[in-house]
């Protein structure tokens, strides 16, 4: 029995006319035999989930550098929270949940160690710049599976490439800036919903801020607890998208303004405060010195696990190597290369 075809028929009858059906995918860059059990988007999800890049996310910084507490978020737990929220929205709107999940699980694979501080350093050092969005796409297209890439579908790659907002508006209003699929647009919005909530939660747990400091106008719209905020944001997105006929992913103006206000408040009161920023300055120094060490010596780069792809400059190859590191690997390697080691007497 071809189970995949049964699932595809179910999509045809159940999903919204605005959802992407797996049998309508634009396909992969390289043709491969389809699975008899999974649709192409289910297969993409599994490729990402079983990749080395995905596993390394568990030791990459979300907000706090290498936190010792068991309950602080990492880049991996952030990714899982985005996936859960986005799947809830997609299911409510009868969108393709498998496509949504694949995009969500792959959206941050290109993040550097030490969070956005690491990204800023590589962007300064690499001649053509560096951004985790482009690197996430590079990971799935060129770096994973020993340089062969994951050969994902067009729709998943498009969603990964266009998920990021930076500190700009959620909807930039520029042609081509938003993902082509509604599923990708759901992930783009749920990414910010997830991180403003869990970053606030972590900052409160770490006593970086007190709840009384959070502006009352933001609390009145979003809610006073993590669960209440997620619930209100998700309901708002579902209701506003349904009111638009399901052809667009929307939030109310009040909710979108509150989300952006909370994000901006977190930048000023959490991300950029001295106690957090000072550690990231130290982390930035680690990456700078590692970059300068490896960019000048291909033999050392490959000896420590880096790879030169045909046609890539040493700058790009070094950036690939550093971006793939976890926080602890980068710190341990720095210690090994630049700090004296205890003398071992035989």
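In UniProt numbering, the protein residues as written are 1 to 346.
We treat Cβ as the ideally placed atom computed from N, Cα and C, and that holds for glycine.
Being a predicted model, the structure only gives us computed values, none of them experimental.
From the DSSP output, in three-state form, read off residue 28 for me. In the chain shown, the residue the question calls residue 28 occupies position 28. Residue state, collapsed to three classes: strand.
From residue 192 to residue 341, what distance separates their C-alpha atoms? By 1-based counting over the chain shown, the position of residue 192 is 192. By 1-based counting over the chain shown, the position of residue 341 is 341. Straight-line Cα distance between these residues: approximately 43 angstroms.
Residue 290 to residue 157, Cα distance in whole Å? Locating residue 290 in the chain shown gives position 290, counting from the first residue. Locating residue 157 in the chain shown gives position 157, counting from the first residue. For residue 290 and residue 157, the distance between alpha carbons rounds to 30 angstroms.
Local Cβ density within 10 Å of residue 148, reported as buried at 16 or more and exposed below that: Counting from one through the chain shown, the residue named residue 148 turns up at place 148. Classification of residue 148: exposed, given that the 10 Å Cβ count is below 16.
Could you tell me which uninterrupted alpha helix (DSSP H) segments, each at least 4 residues in length, are contained entirely in the UniProt domain "HD" (75-196), listed from first to last along the chain? Listed in chain order, they are 75-92, 97-106, 115-125, 132-138, 144-147, 154-161.
What's the C-alpha gap between residue 265 and residue 232? Start at 1 with the first residue of the chain shown, and residue 265 comes out as number 265. Start at 1 with the first residue of the chain shown, and residue 232 comes out as number 232. For residue 265 and residue 232, the gap between their C-alpha atoms comes out near 19 angstroms.
What residue range is occupied by the uninterrupted alpha helix (DSSP H) comprising residue 281? What you label residue 281 is simply residue 281 of the chain shown in a count that begins at 1. Its alpha helix (DSSP H) spans residues 274-295.
Distance check for residue 190 and residue 90, CA to CA, integer angstroms please. For the purposes of this step, residue 90 is taken as residue 90 along the chain shown, with counting starting at 1. For the purposes of this step, residue 190 is taken as residue 190 along the chain shown, with counting starting at 1. Straight-line Cα distance between these residues: approximately 11 angstroms.
For residue 36, count neighbouring Cβ atoms within 10 angstroms of its own Cβ and tell me buried if that reaches 16, exposed if not. For the purposes of this step, residue 36 is taken as the residue at position 36 of the chain shown. Counting Cβ neighbours within 10 Å, residue 36 comes out exposed, since fewer than 16 surround it.
Using the C-alpha atoms, what's the distance from residue 79 back to residue 12? Taking the chain shown and counting its residues from 1, the one referred to as residue 12 is at position 12. Taking the chain shown and counting its residues from 1, the one referred to as residue 79 is at position 79. Looking at the two C-alpha atoms, the distance is approximately 29 angstroms.
How many angstroms separate the CA atom of residue 23 from the CA atom of residue 39? Looking up residue 23 in the chain shown gives position 23. Looking up residue 39 in the chain shown gives position 39. Their Cα atoms are separated by approximately 8 angstroms.
Does residue 253 pass the burial test, meaning 16 or more other C-beta atoms within 10 Å, or should it be called exposed? For the purposes of this step, residue 253 is taken as the residue at position 253 of the chain shown. So residue 253 counts as exposed.
Hey, could you find the ends of the alpha helix (DSSP H) residue 332 is sitting in? Your numbering for residue 332 matches position 332 in the chain shown. It spans 327-338 - the alpha helix (DSSP H) in which residue 332 sits, taken as one unbroken run.
Looking at the secondary structure, which residues open and close the alpha helix (DSSP H) in which residue 260 lies? Position 260 of the chain shown, counted from the first residue, corresponds to residue 260. Segment 253-266, the alpha helix (DSSP H) holding residue 260.
Which residues does DSSP pair with residue 318 in a beta bridge? The count along the chain shown starts at 1 and reaches residue 318 at position 318. Partner(s): none; residue 318 has no beta bridge.
Quick check on this structure: which residue in 44, 115, 21, 6 has the alpha carbon closest to the alpha carbon of residue 59? Taking the first residue of the chain shown as position 1, residue 59 is located at position 59. The shortest Cα separation from residue 59 among 44, 115, 21, 6 belongs to 115.
Below 8 angstroms, can you find three or more Cβ-Cβ pairs linking the region 173-185 to the region 196-204? no
Buried or exposed: where does residue 43 fall if 16 or more other Cβ atoms within 10 Å of its Cβ makes it buried? If you number the chain shown from 1, residue 43 lands on position 43. So residue 43 counts as buried.
From 48, 98, 71, pick the residue whose C-alpha is nearest to that of residue 108; which is it? Position 108 of the chain shown, counted from the first residue, corresponds to residue 108. Considering only alpha carbons, the answer is 48.
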